Amino acid sequence: MLFHPEVMGVDALAQKVRKVPNFPKEGILFHDITPVLQSPEYFRLLIDLFTYRYMGQKIDMIAGLDARGFIIGAALAYQLNVGFVPIRKQGKLPFDTISQTYALEYGEATVEIHKDAIHEGDRVLIVDDLVATGGTMLAGIELVRRLGGTIVEACAILEFTDLDGAQKIRESGVDLFSLLQNDGAM
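In this text, residue positions in the sequence shown follow the numbering used here: the first is 8, and each later residue adds one.
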């Protein structure tokens, strides 16, 4: 059964996201989704909201970004009866990979995907927990494209509207859907 009557919708979900000031460093307001995941009702609501959005679309594979995108993406793949592919931090996948490096505030990071994870023409949904600067999502988009996949959409629980990540994703030619929007201010 989809949706529990005790949970009303996106507004209730927003209230369940915990805000932790000054984490991981001074001046950052961290949005913690673990309270959503800890609650059977809210976790189901989260997955159900995404399920309703994507259930009529032709999706072959969900690509989840390391690490919280794994949780959401795997549960959604199960609901939609499609495959799941992890896009991991460099050095974590055991088979032949391709990689994509992207800029961080201070330095760079690299993500990888197995070379055989996506096939030419596969219709792929990319999933993560949030979009801030967009670097991780854009790297995932590039990896899927390099393997010949067609990106149906990128999605996240939370989009920070005061940062330009969502705009960069849309400028890359990929639609972005987020359940919640936040200006990220303390």
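Ideal Cβ positions, reconstructed from N, Cα and C, are used throughout, including at glycine.
Since we're looking at a predicted model, the values are computed, not measured.
{"Asked": "To the nearest whole angstrom, what separates the beta carbons of Ala70 and Val181, a pair I think is in contact under 8 Å?", "Found": "Incorrect: roughly 12 Å between the Cβ atoms, too far for contact."}
{"Asked": "Measure from the alpha carbon of Gly98 to the alpha carbon of each residue in Leu83, Val118 and Gly80, then state which is nearest.", "Found": "Val118"}
{"Asked": "As a quick exercise: from Val43, Pro28, Ile120 and Pro31, pick the residue whose alpha carbon is nearest that of Leu165.", "Found": "Val43"}
{"Asked": "Looking at the secondary structure, which residues open and close the beta strand (DSSP E) in which Phe102 lies?", "Found": "No beta strand (DSSP E) contains Phe102, which DSSP labels as neither H nor E."}
{"Asked": "Could you name the residues of the same chain whose beta carbon sits closer than 6 Å to that of Gly90, not counting the 5 residues immediately before and after it, in chain order?", "Found": "Met68"}
{"Asked": "Starting from Asp2, trace the beta strand (DSSP E) both ways and give me its first and last residue.", "Found": "Here the chain comprises residues numbered 8 to 193, so residue 2 is not present and cannot be evaluated."}
{"Asked": "With Gly142 as the anchor, note down where its alpha helix (DSSP H) starts and where it stops.", "Found": "Gly142 to Arg153"}
{"Asked": "Can you tell me where the alpha helix (DSSP H) with Glu33 in it begins and where it stops?", "Found": "Premise fails: Glu33 is in no alpha helix (DSSP H) and is neither H nor E."}
{"Asked": "To the nearest angstrom, how far is the alpha carbon of Tyr61 from that of Leu87?", "Found": "8 Å"}
{"Asked": "For Gln97, which of helix, strand or coil comes out of DSSP?", "Found": "coil"}
{"Asked": "Could you spell out the range, first to last residue, of the beta strand (DSSP E) harbouring Val43?", "Found": "Where Val43 is concerned, there is no enclosing beta strand (DSSP E), although the alpha helix (DSSP H) it sits in stretches over Thr41 to Gln45."}
{"Asked": "Which stretch, first to last residue, makes up the alpha helix (DSSP H) that contains Ile158?", "Found": "No alpha helix (DSSP H) holds Ile158; the beta strand (DSSP E) holding it covers Thr157 to Phe167."}
{"Asked": "Run through DSSP, which three-state label would Lys26 get?", "Found": "strand"}
{"Asked": "Taking all protein chains shown into account, do 16 or more other C-beta atoms lie within 10 angstroms of the C-beta of Ile66, making it buried, or fewer, making it exposed?", "Found": "buried"}
{"Asked": "Just reading off the beta strand (DSSP E) that Gln188 is part of, what are its end residues?", "Found": "Leu183 to Asn189"}
{"Asked": "Exposed or buried, which one is Gly120 when buried takes at least 16 other CB atoms within 10 Å?", "Found": "Sequence check: residue 120 is Ile here, not Gly. With 16 or more Cβ atoms within 10 Å of its Cβ, Ile120 is classed as buried."}
{"Asked": "Measuring only the C-alpha atoms, how far is Asp18 from Tyr49?", "Found": "11 Å"}
{"Asked": "Please return the same chain residues whose Cβ sits closer than 7 Å to the Cβ of Gly142, not counting the five positions on each side in sequence.", "Found": "Tyr109, Ala110 and Leu111"}
{"Asked": "Taking only beta-carbon positions, decide if Asn88 is within less than 9 Å of chain D.", "Found": "In the structure shown, chain D cannot be found, because there is only a single protein chain."}
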